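Protein chains: 2
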Amino acid sequence: METKERILHEALALFSERGYDGVSMRQIAAAVGIQAASLYSHYAGKEYLFRAILEFAQERFAETMHSLGLAADPDPQSVMELKEKDLQRISREIFLHLLKDPTAAALRRLLTAEQFRHSIAGQTYQQLYIESVLDSQTRIFKAFISAGTMRKGDPAITALHFYAPILLLLNKYDRQPEKEAKALAALEAHVNQFMRRYGRKGNKE
Amino acid sequence: METKERILHEALALFSERGYDGVSMRQIAAAVGIQAASLYSHYAGKEYLFRAILEFAQERFAETMHSLGLAADPDPQSVMELKEKDLQRISREIFLHLLKDPTAAALRRLLTAEQFRHSIAGQTYQQLYIESVLDSQTRIFKAFISAGTMRKGDPAITALHFYAPILLLLNKYDRQPEKEAKALAALEAHVNQFMRRYGRKGNKE
DNA sequence: GTCTATACGCGGATAGAC
DNA sequence: GTCTATCCGCGTATAGAC
């Protein structure tokens, strides 16, 4: 990996643990194994390094969503082909990814922590972890409702009901890595109860 | 207000905007109108001041919950007397309080931002904004389900379905104070759809 | 591109007078 | 309890040699 990339990853790891102001350029350089002055050959300053991390976050997030079949600009056809069981798979995959993938978890923590201090970080956090996911889910549920797979209801609120608990569980189990099994059980219980309440078959209850 | 209290409130306001490491003791002193050295007559150091804020957060939160009829250690009788319509009122009141009350909003933002850096802040965040609320709501829904007011289902998951969207909406509209009306409309739509899905009368759909 | 050396301000904190 | 004065380390960043 090139030095510039190594700097970005080491900085991300440190920032996500101690915050932007809690990490010095010297410490980042030490983690990379170079002198602090050398960082300035790659990034014009600490702020520029931080912005590069924000851009990296957006790229990574888009890639992840795409690989899970949740592109920001999806093929309408592919949305129609999604089934209810895909929701179980997708929610589980996205949950584990955001919880355990070191880079994804570091980015999420960093954006969460810095959202109020740097307006760009706030916008990025909002865009990635709230709006883009809700939009994506809203499209899916709209298709489900049209197709009769799900009960009628505002698709945006339905997406909120599906996604918000996932985000809260992520938050809750973030600091308790030893309870991963419990986290997954809670996630599954959430999705199951959601299906019973929102799915067509749920009316039998 | 005593100097010690003024220090705590000014520090809270500054920390919540710029973070713990983003605010110096000199800046806090300037906001209060004294010299930095004088702060040490009230708090032994920056860390001690921060911990005092965390303790204050717990007290304030408990008071707020109590005034909304959501004590941490509730009278079982009072829980039974809650009605469905109380949910609308409570959710609206707690939402507006956490969103707009300056002290409550500052505490929430500060704890959100610092949760990964100071383990005590992380515990406090988790305790206040996740566990205590979910526990409280779980008790209420358990009572509702027993009383037949609500459909059967895991009360803990039901609480998750009720509270998680509120927390997400709080997060979403935190940086958009001009959209308060929209935020309240979304909150009401959430609670309404929740009622239709979970309430007894919802079966008619 | 990386190094050493260095500039210079600001950080938390303390001493001691009033 | 508040002030002035001060300590000293660490922060970001630059200059210039290799």
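Top line first, the protein sequences correspond to chains A and B.
Each step along the first sequence adds one to the number in the working numbering, with nothing skipped, and position 127 is 127.
Each step along the second sequence adds one to the number in the working numbering, with nothing skipped, and position 18 is 223.
Where is the CB? At the ideal position from N, CA and C, for every residue including glycine.
Owing to the predicted nature of the structure, the values given are computational and were not obtained by experimental measurement.
Taking 4 residues as the minimum length, the alpha helix (DSSP H) runs contained wholly in the stretch 11 to 72 of chain A are 25 to 32, 36 to 39, 46 to 67, in order along the chain. The beta carbon of F300/B does not come within 8 Å of any beta carbon belonging to chain A, so the residue lies off that interface. E385/B counts as exposed, since fewer than 16 other beta carbons sit within 10 angstroms of its beta carbon. Under the DSSP assignment, Y378/B falls in the alpha helix (DSSP H) whose first and last residues are 360 to 378. The three-state reading of DSSP puts M206/B in coil, since its state is none of H, G, I, E or B.
Around P279/B, no beta-carbon contact reaches into chain A at under 8 Å, the shortest distance being about 22 Å. Membership of R108/A in the alpha helix (DSSP H) is indicated by the continuous run 102 to 114. For T112/A, the neighbours in chain B by C-beta distance under 9 Å run, in chain order, T317, A318, Q320, F321.
The DSSP-derived three-state label of G122/A is helix. Annotation: Cβ neighbours of P370/B in chain A (cutoff 7 Å, chain order): L160, H161, A164. Going by beta carbons, V191/A and Q88/A fall inside the 8 Å limit. Counting along the chain, D135/A sits inside the alpha helix (DSSP H) bounded by residues 133 to 147. If you check the CB distance, M355/B and F346/B come in under 8 Å. Boundaries of the alpha helix (DSSP H) around K387/B: 385 to 403. Around the CB of A326/B, 16 or more other CB atoms lie within 10 Å, so the residue is classed as buried. Interface annotation, D154/A: in contact with chain B, CB-CB separation under 8 Å. Between A257/B and Y245/B, the gap from beta carbon to beta carbon reaches 8 Å or more.
Using a CB distance below 7 Å, the part of the stretch 184 to 197 of chain A facing chain B consists of A189, H190, Q193, R197, ordered along the chain.
In the DSSP assignment, M285/B is bridged to no other residue. Across the set M285/B, E264/B, Q263/B, G224/B, the C-alpha of M285/B shows the shortest separation from the C-alpha of A352/B.
For D340/B, there are no CB contacts under 6 Å within the same chain when 5 residues up- and downstream are skipped. Spatial neighbours of L82/A in its own chain (CB-CB distance under 7 Å, excluding positions within 5 residues in sequence) are listed in chain order as I140.
Listed along chain A is no residue with a C-beta nearer than 9 Å to that of E289/B; the closest approach is about 16 Å. Within chain B, no C-beta atom comes less than 9 Å from the C-beta of R51/A; the nearest is roughly 17 Å away. At a cut-off of 8 Å, the C-beta of R18/A has a neighbouring C-beta in chain B. Scanning L273/B, R265/B, D291/B for the CA closest to the CA of P307/B turns up R265/B. Per the coordinates, the alpha-carbon of A369/B lies some 21 Å from the alpha-carbon of K152/A.
At a cut-off of 8 Å between C-beta atoms, I345/B does not count as an interface residue with respect to chain A. Its chain contains Y330 as the residues whose beta carbon lies nearer than 7 Å to that of T317/B, once the 5 sequence neighbours on both sides are disregarded; these appear in chain order. By the neighbour-count definition (other C-beta atoms within 10 Å, threshold 16), Y403/B is a buried residue. Proximity of G148/A to chain B, defined by a Cβ-Cβ separation below 8 Å, is not satisfied. For the stretch 25 to 40 of chain A, no residue has a beta-carbon sitting nearer than 8 Å to a beta-carbon of chain B.
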